[in-house]
Amino acid sequence: MIDKAAILAEVISTIGALASILWLFLDPGPEPFAASLVCLAVILGIGVRSQVKLAKMQDDALLERLNSIREIMQVTDDIPRIPADELLTKLNSDEKFCKSLTLRIVRLFGLRRERIPFLEPEIIDLIDNEFEPFYSIGVGLYTFKSEKLHEFSVFAVKLANTVRELERKLTEEHRKRF
Numbered sequence: 200m201i202d203k204a205a206i207l208a209e210v211i212s213t214i215g216a217l218a219s220i221l222w223l224f225l226d227p228g229p230e231p232f233a234a235s236l237v238c239l240a241v242i243l244g245i246g247v248r249s250q251v252k253l254a255k256m257q258d259d260a261l262l263e264r265l266n267s268i269r270e271i272m273q274v275t276d277d278i279p280r281i282p283a284d285e286l287l288t289k290l291n292s293d294e295k296f297c298k299s300l301t302l303r304i305v306r307l308f309g310l311r312r313e314r315i316p317f318l319e320p321e322i323i324d325l326i327d328n329e330f331e332p333f334y335s336i337g338v339g340l341y342t343f344k345s346e347k348l349h350e351f352s353v354f355a356v357k358l359a360n361t362v363r364e365l366e367r368k369l370t371e372e373h374r375k376r377f
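According to this note's numbering, the residues represented by the sequence shown are 200 to 377, in order.
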């Protein structure tokens, strides 16, 4: 967050610089000229510092977005890289795997709340609109609706693919910035 005192100091410095330049035009001479040069240097310094702050804020935001996608990947890495039909077969045949995966996906709801400013819109949309209907949500309790297992398998594969694609996109963006 930008410090209010720093912004106020920059505004006051800029006003002082503009006053010195006005002084130069009203009373030409060596003193107003020197004061104007100093004030112009201050204005340029403020501009450069603002650009550096902006670049740092953008870098920090990109790193937070990468960290968010990595946390989501920790959940989606449990989804096998197989087509949805094969995943459905595996979920139907292995009750322990089914329970483990459906409980693991619940972590996405917590991550959505924890990482909201840095999550990609596609992930938020998947969690809110596509995964929430698979659970009966109570106070601190998420119960999987087993009758929706087929749709769950389709969206689980979609989630895993979307997360991998976003991770590649953000990594490429990170490489370009640095």
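We treat Cβ as the ideally placed atom computed from N, Cα and C, and that holds for glycine.
- When secondary structure is reduced to three states using DSSP, ILE278 falls in the coil class, being assigned neither helix nor strand.
- By the Cβ neighbour-count rule, ILE214 is exposed, with fewer than 16 other Cβ atoms within 10 Å of its own.
- Annotation for PHE333: no beta strand (DSSP E) segment contains it, and DSSP assigns it neither H nor E.
- When the Cα atoms are used, GLU321 and ALA359 turn out to be separated by approximately 12 Å.
- Judged by DSSP in its simplified three-state form, PHE354 adopts helix.
- With fewer than 16 neighbouring CB atoms inside 10 Å of its own CB, LEU243 falls in the exposed class.
- Leaving aside the five residues that flank PHE351 on each side, the residues in its chain whose CB is nearer than 6 Å to its CB run, in chain order, PHE333.
- If only complete runs of 4 or more residues are kept, the segment 258 to 320 shows the alpha helix (DSSP H) at 283 to 292 and 294 to 313, in order along the chain.
- For THR342, the beta-bridge partners assigned by DSSP are SER335.
- Taking all protein chains shown into account, SER335 has fewer than 16 neighbouring C-beta atoms within 10 Å of its C-beta and is therefore exposed.
- Note on geometry: alpha-carbon atoms of ARG376 and VAL241 lie some 28 Å from one another.
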